[in-house]
Amino acid sequence: MSTSINVNVGNVSLKSPLILASGTCNFGRELSEYYDLSLLGGISSKGLTIKPRAGNPGVRVAECDSGMLNSVGLQNPGVQYFIENDLDFMKESGAAVIVNVAGHSYEDYIDMVMTLDPHKDKIDALEINLSCPNVKEGCMTIGSDPAAIKLITSKLRSLTDLPLWIKLTPNVTDIKATALAAQDGGADAVVLINTLMGMRIDIKTRRPVLTNNTGGYSGPAVKPVAIRMVAECSQVLDIPIVGCGGISDYKDVIEFMIAGASAVEIGTACLVHPALPVKITEDLENYCTSNNIELKDLTGTLQRW
Amino acid sequence: MSHKQEYRIRLVSKEFLNSDTCYLGFECPDIANSAIPGQFVNISAGTVFLKRPFGIASVDKDIGRFYIGVKVVGKGTSEIAGFESGMMVDCLGPLGNGFDLEDYDNVILTGGGTGVFPINFAYETLSAQGRNVVVCEGFRNASQVILNKPSYILTTDCGDTGIKGTVIAGLDTISIDDYGKTLVCCVGPVPMMKAVNAWCADKGIKCLVSMEQRMACGAGICLCCTVKVKDDGPEGYKNVRCCKEGPVFDGGEVVW
Chain A
0 MSTSINVNVG NVSLKSPLIL ASGTCNFGRE LSEYYDLSLL GGISSKGLTI
50 KPRAGNPGVR VAECDSGMLN SVGLQNPGVQ YFIENDLDFM KESGAAVIVN
100 VAGHSYEDYI DMVMTLDPHK DKIDALEINL SCPNVKEGCM TIGSDPAAIK
150 LITSKLRSLT DLPLWIKLTP NVTDIKATAL AAQDGGADAV VLINTLMGMR
200 IDIKTRRPVL TNNTGGYSGP AVKPVAIRMV AECSQVLDIP IVGCGGISDY
250 KDVIEFMIAG ASAVEIGTAC LVHPALPVKI TEDLENYCTS NNIELKDLTG
300 TLQRW
Chain B
0 MSHKQEYRIR LVSKEFLNSD TCYLGFECPD IANSAIPGQF VNISAGTVFL
50 KRPFGIASVD KDIGRFYIGV KVVGKGTSEI AGFESGMMVD CLGPLGNGFD
100 LEDYDNVILT GGGTGVFPIN FAYETLSAQG RNVVVCEGFR NASQVILNKP
150 SYILTTDCGD TGIKGTVIAG LDTISIDDYG KTLVCCVGPV PMMKAVNAWC
200 ADKGIKCLVS MEQRMACGAG ICLCCTVKVK DDGPEGYKNV RCCKEGPVFD
250 GGEVVW
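Chains A and B, in that order, give the protein sequences.
Quick note: the first sequence uses numbering that gives the first Met the number 0, first residue 0, plus one each step.
Quick note: the second sequence uses numbering that gives the first Met the number 0, first residue 0, plus one each step.
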């Protein structure tokens, strides 16, 4: 029996479960210097907004035990520049093109989707970022409120046939409520999780290390939180889940899939080892061959006590 | 197409230059053969999560080695300074854009603190080409002086050795025939680079600076290490990546 690491997220077929997470790969160009991007399942673009954003000033990164805080603040060239300069590169990379859509208001998200929809032949899915913790308005503010998530998702649903993946924040009391709200609004998938909001303090100056005061915590430390949220949501959702948070090796990918993920996003680990997806892909193929399984059959096979 | 790679390299030499600064040599022919002054490497630092960036201080192409200087300032640099010869580390490099040293008759290299490491690489490269080069280095006091040569102009803040004052006092002693054919390269703390850039701007001398910023990936993908540079857009500036567009910038383009 031949085995494979192909997976599906709803109608989107991916040759591998590995997607580069938004904000950790720019638009893929820099990482293409290290490996052939076509081995990836997909690439999720840097979070894009209608107008270009300079991002936050000052110190944007604070290392932590087993991870890091960032407060980049959605620095991006704006969606129009992206369409003219980066979208074709992503399409030609051979990986599925996931465009990460951010905004400060309902109108921003609507404008973004209407701007991107005419280019749907080059886009495999829109990842709606309702979860960035580093901007003052929009994103996580909308993404913490189930009613707001359902409203914005249903509005965007009416504007495009492109698959809508809603990327959710873990900074909520009940992740099932926000995930169900996305599903009720017509989402095709949810992406769990964005970064956990955190702070580090310089004890000499008594000031936060980050000039933005707070930032988003990512890296191996957040993986158990993400796994728990994927497992919880997997019990109540009918739509697929893309797992994200602290993936560093092939066993992490398998853990996410057992918890209920159909695919995964990898990010912070690639900041340390840029070519890591090559190794993980090989290891996943070997795992499937050794165990004589199709990777996608692992999704949601968690055996609870 | 050949791809860049992450190297697993051996530490082959280590010596302490003063109480908190050491000089490390690594075996990596690819980096030794391709690096240019001003470029850096990103090195894994024991138990801490992120790699640490270091300007390349020297290369020896014959034996395939490159060298970096490490000043202990925190947990990561402390662990790296504690590495023993023979240890293997993960390394990305050479990274970033180095100094464009062509097209100038005279080059003045100036730096302070750990900035003297990339300055050393630039000096060795220019000397080997037989170019006119003057080096001016500044330190807090005599105990901090490292990698200094008798031919260098030396300044210290307290004046216990060399000229008393900052590198500006040292630069003022250099007689320059033609400002238009002179290049200044500066690596050091931001206040030093800002002052040197202003000194150059006043004379119409081109000034290249090597910026430093807290860095995560070193590969241009996380946008954490940005530097503010002038821009024609509505805001008058834009944030560019220190690791990718830099670390060397035209001092006249930086928003200080």
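Where is the CB? At the ideal position from N, CA and C, for every residue including glycine.
I'd like the list of long-range same chain contacts for residue i, defined as Cβ closer than 8 angstroms, with 5 residues on each side in sequence excluded.
i, result
"residue 76 of chain B", "44, 51, 69, 70"
"residue 66 of chain A", "216, 217, 218, 219, 220, 221, 245, 267"
"residue 143 of chain A", "168, 170, 171, 177"
"residue 0 of chain A", "In this prediction, residue 0 of chain A scores a pLDDT of 45, lower than 50, which makes its location untrustworthy; the coordinate-derived value is nonetheless stated afterwards. If we look at residue 0 of chain A and ignore the five residues flanking it on each side, its Cβ neighbours are 291."
"residue 197 of chain A", "63, 68, 213, 214, 215, 216"
"residue 10 of chain A", "162, 187"
"residue 126 of chain B", "132"
"residue 271 of chain A", "none"
Please return the same chain residues whose Cβ sits closer than 6 angstroms to the Cβ of residue i, not counting the five positions on each side in sequence.
i, result
"residue 288 of chain A", "2"
"residue 61 of chain A", "68, 199, 208, 209"
"residue 192 of chain B", "185, 208"
"residue 295 of chain A", "6"
"residue 257 of chain A", "297, 300, 301"
"residue 70 of chain A", "55, 59, 133, 209, 211, 214"
"residue 49 of chain B", "215"
For chain A, check one thing: does any of its Cβ atoms lie closer than 8 angstroms to the Cβ of residue i?
i, result
"residue 32 of chain B", "no"
"residue 4 of chain B", "yes"
"residue 94 of chain B", "no"
"residue 223 of chain B", "yes"
"residue 87 of chain B", "no"
Spell out whether any CB of chain B is found under 8 angstroms from the CB atom of residue i.
i, result
"residue 195 of chain A", "no"
"residue 218 of chain A", "yes"
"residue 60 of chain A", "yes"
"residue 54 of chain A", "yes"
"residue 143 of chain A", "no"
"residue 65 of chain A", "yes"
So, at 7 angstroms on beta carbons, what are the nonlocal neighbours of residue i in its own chain, with the 5 sequence-adjacent residues on each side left out?
i, result
"residue 14 of chain A", "5, 40"
"residue 82 of chain A", "118"
"residue 284 of chain A", "4"
"residue 113 of chain A", "158"
"residue 249 of chain B", "207"
"residue 123 of chain B", "57"
*Inter-stretch contact at 8 angstroms, needing at least 3 Cβ pairs: the segment 38-46 of chain B / the segment 88-100 of chain B*: Yes: the two stretches touch, three or more of their Cβ pairs being nearer than 8 angstroms.
*asked:* Closer than 7 angstroms between beta carbons: that is the criterion. Which residues of the segment 197-221 of chain B meet it against chain A?
replied: Those residues of the segment 197-221 of chain B that come within reach of chain A (Cβ to Cβ, closer than 7 angstroms) are 213, 215, 216, 218, 219, 220, 221.
*Does the segment 6-17 of chain B come close enough to the segment 80-95 of chain B that 3 or more CB-CB pairs lie under 8 angstroms?*
Contact holds: three or more Cβ-Cβ distances are below 8 angstroms.
*Would you list, in chain order, the members of the segment 15-33 of chain A that have their beta-carbon closer than 8 angstroms to a beta-carbon of chain B?*
When C-beta distances to chain B are compared with 8 angstroms, the residues of the segment 15-33 of chain A below that value are 22, 23, 24, 25, 29, 30, 32, 33, in chain order.
*How do the segment 230-243 of chain A and the segment 157-176 of chain A stand: do at least 3 beta-carbon pairs fall below 8 angstroms, yes or no?*
A contact is defined here as three or more CB-CB pairs under 8 angstroms, and the segment 230-243 of chain A meets this definition with respect to the segment 157-176 of chain A.
*asked:* Check whether the segment 132-140 of chain B and the segment 202-220 of chain B are in contact - that is, three or more C-beta pairs closer than 8 angstroms.
replied: Because the criterion of three Cβ pairs below 8 angstroms is not met, the segment 132-140 of chain B and the segment 202-220 of chain B do not touch.
_Suppose only complete runs of 3+ residues qualify. What are the beta strand (DSSP E) ranges in the segment 21-71 of chain B, listed by chain order?_
Entirely contained in the segment 21-71 of chain B, the beta strand (DSSP E) runs reaching 3 residues are, in chain order, 39-42, 51-59, 64-70.
*Report yes or no: do three or more beta-carbon pairs, one from the segment 179-199 of chain A and one from the segment 31-40 of chain A, lie closer than 8 angstroms?*
As far as the Cβ criterion goes, the segment 179-199 of chain A does not touch the segment 31-40 of chain A, which means the pair count is below three.
*Using 8 angstroms as the Cβ pair cut-off and three pairs as the minimum, do the segment 166-177 of chain B and the segment 101-115 of chain B touch?*
Touching, per the Cβ criterion.
_beta strand (DSSP E) segments (min. 3 residues) lying fully within the segment 78-122 of chain A_ = Fully contained in the segment 78-122 of chain A are the following beta strand (DSSP E) runs of length 3 or more, in chain order: 95-100.
*Using a Cβ cut-off of 8 angstroms, which residues of the segment 68-100 of chain A contact any Cβ in chain B, in chain order?*
Going along the segment 68-100 of chain A in chain order, one finds 69, 71, 74 with a Cβ nearer than 8 angstroms to chain B.
_For the segment 234-251 of chain B, list every residue whose C-beta sits within 8 angstroms of some C-beta in chain A, in sequence order._
Of all residues in the segment 234-251 of chain B, only 234, 236, 237, 238, 243 place a beta-carbon less than 8 angstroms from a beta-carbon of chain A.
*Which ranges does the beta strand (DSSP E) cover as unbroken runs of at least 3 residues, wholly within the segment 219-299 of chain A, from first to last along the chain?*
Scanning the segment 219-299 of chain A from its first residue to its last, the whole beta strand (DSSP E) runs of 3-plus residues come out as 240-243, 260-265.
*Closer than 8 angstroms, Cβ to Cβ, to anything on chain B: give me those residues from the segment 263-278 of chain A, in chain order.*
For the segment 263-278 of chain A, the residues whose beta carbon sits under 8 angstroms from a beta carbon of chain B are, in order, 269, 270, 271, 272, 273, 274.
_Inside the segment 143-227 of chain A only - beta strand (DSSP E) runs reaching at least 3 residues_ = DSSP runs (the beta strand (DSSP E)) wholly in the segment 143-227 of chain A: 163-166, 188-191, 195-197, 214-217.
*4-residue-minimum alpha helix (DSSP H) runs that sit fully inside the segment 161-247 of chain B, ordered along the chain*: Listed in chain order, the alpha helix (DSSP H) elements of length 4 or more contained wholly in the segment 161-247 of chain B are 166-170, 189-202.
*Could you list the residues in the segment 41-71 of chain B with a C-beta less than 7 angstroms from some C-beta on chain A, going in chain order?*
Flagged, chain order: 47, 48, 49, 50.
*Taking 8 angstroms as the threshold, find out whether the segment 237-255 of chain B comes into contact with the segment 142-158 of chain B through three or more Cβ pairs.*
In short, these stretches do not touch, since the Cβ pair count stays below three.
*Fully enclosed by the segment 83-170 of chain B, which beta strand (DSSP E) runs are 3 residues long or longer?*
Entirely contained in the segment 83-170 of chain B, the beta strand (DSSP E) runs reaching 3 residues are, in chain order, 87-94, 105-111, 131-138, 152-155.
*For the segment 180-189 of chain B against the segment 149-162 of chain B, are there 3 or more C-beta pairs whose distance is under 8 angstroms?*
Taking a cut-off of 8 angstroms on C-beta distances, the segment 180-189 of chain B does not touch the segment 149-162 of chain B, as fewer than three cross pairs fall below it.
*asked:* Which complete alpha helix (DSSP H) runs does the segment 49-76 of chain A hold, if anything under 4 residues is left out?
replied: Annotation: the segment 49-76 of chain A contains no complete segment of the alpha helix (DSSP H) (minimum length 4 residues).
_With three or more C-beta pairs closer than 8 angstroms as the rule, is the segment 16-23 of chain A touching the segment 76-89 of chain A?_
Too few Cβ pairs lie closer than 8 angstroms, so no.
*Is it true that the segment 48-61 of chain A meets the segment 276-286 of chain A, where meeting means three or more beta-carbon pairs spaced less than 8 angstroms apart?*
Short answer: they don't touch.
*Count the C-beta pairs between the segment 297-304 of chain A and the segment 53-72 of chain B that are closer than 8 angstroms, then say yes if the count reaches three, no if not.*
Look at the beta carbons and you see the segment 297-304 of chain A not touching the segment 53-72 of chain B: under three pairs across the two are nearer than 8 angstroms.
*Do the segment 80-89 of chain B and the segment 156-167 of chain B meet, that is, are 3 or more Cβ pairs less than 8 angstroms apart?*
Because the criterion of three Cβ pairs below 8 angstroms is not met, the segment 80-89 of chain B and the segment 156-167 of chain B do not touch.
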